[in-house]
Every structure is written in C-alpha cells, then in structure tokens.
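Undergrad: Before we start, here is the structure in question, set down as structure tokens.
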Amino acid sequence: MTAQIVTLIVTAALFALMGMGSLIAPTNVTAQFGIPELNRDGRNEVRAVYGGFGLAVAGALVLAVLHPEWRAGVALTVALAVGGMAGGRLLSAAVDRGISRTPLFYLGLELVGLAALLWVALG
C-alpha cells in the first residue's frame, strides 16, 4: 500500500467519523465551539453540512482509492474544499482579531489535510 493510498484512507476515515458523529449527535459538534444547544433547524444544518457532506467526501475518497484514474481529481477537489474551510477560519480570525484553541486545532488539521491531499493530487 502506497503512502498516497494511506493518506486517502486516513482522510476518508476522518471525514466519515465527522459525518457519522454529526448525524448521530449534532450538538457534540457545536458544543466544541461553545454552542451546547441547537433547535431543530440547527440540528438539521449540522447534520447536512457536517454529516452529509462529510460522508459524501469520505465516499469520494474511497472511490479515489479504488479508481486510480480518479485519484488526482478527487484529491484536488477535496483539497480545495478543505482549503476553503481553512481560509474561512483564517478570515474569521482576522475579522474577529483572534482565534481560540478549538478552531485553531481544526485549522491545523485542515492545513495538514490540504497539504497531504495536494501531495496526492500533484503526485
């Protein structure tokens, strides 16, 4: 198994974990950021964006493992999505003049994911 395949599998597992956890317990996602309660619409949003999107990305990454001809395109697409997440965090930190520990942790994870996926995509 190549390092690129391992990178895709680990990234898929992290997205699947995020997706399943968000579908099952959406308030666990937002509680990390100081939002312990959600109304029905809030839970729906978390399940859609973190849950459904996370599982779809995990599925795409698994397909990239199984279909080498799709690998670069899928890895680049997911890298761009993860880069967008990191960019949104950086913009928020600039606008809000700071970033706390949990968002900073996720920013670091996103930047590592971005670099790893670009490495796979650009090979």
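Under my numbering, residues 1 to 123 are what the sequence shown spells out, in order. Beta carbons: idealized from backbone N, C-alpha and C, even for Gly. Here the structure is a predicted model, which means the values were calculated and not measured.
Return the chain-ordered list of same chain residues with a C-beta closer than 6 Å to the C-beta of V29, the five sequence neighbours on each side being excluded.
TA: Closer than 6 Å at the Cβ level, and outside the excluded window around V29, lie S22, V46 and Y50.
Undergrad: Between A16 and A58, how many whole angstroms is the CB-CB distance? I'm expecting something under 8 Å.
TA: So it is a contact: roughly 4 Å between Cβ atoms.
Undergrad: Provide the residue span of the alpha helix (DSSP H) that contains M18, from first to last.
TA: A3 to I24 is the extent of the alpha helix (DSSP H) around M18.
Undergrad: So what does DSSP say about E110, is it helix, strand or coil?
TA: Three-state result, E110: helix.
Undergrad: Can you list, in chain order, the residues of its chain with a C-beta nearer than 6 Å to that of A116? Leave out the 5 residues immediately preceding and following it.
TA: If we look at A116 and ignore the five residues flanking it on each side, its Cβ neighbours are T7.
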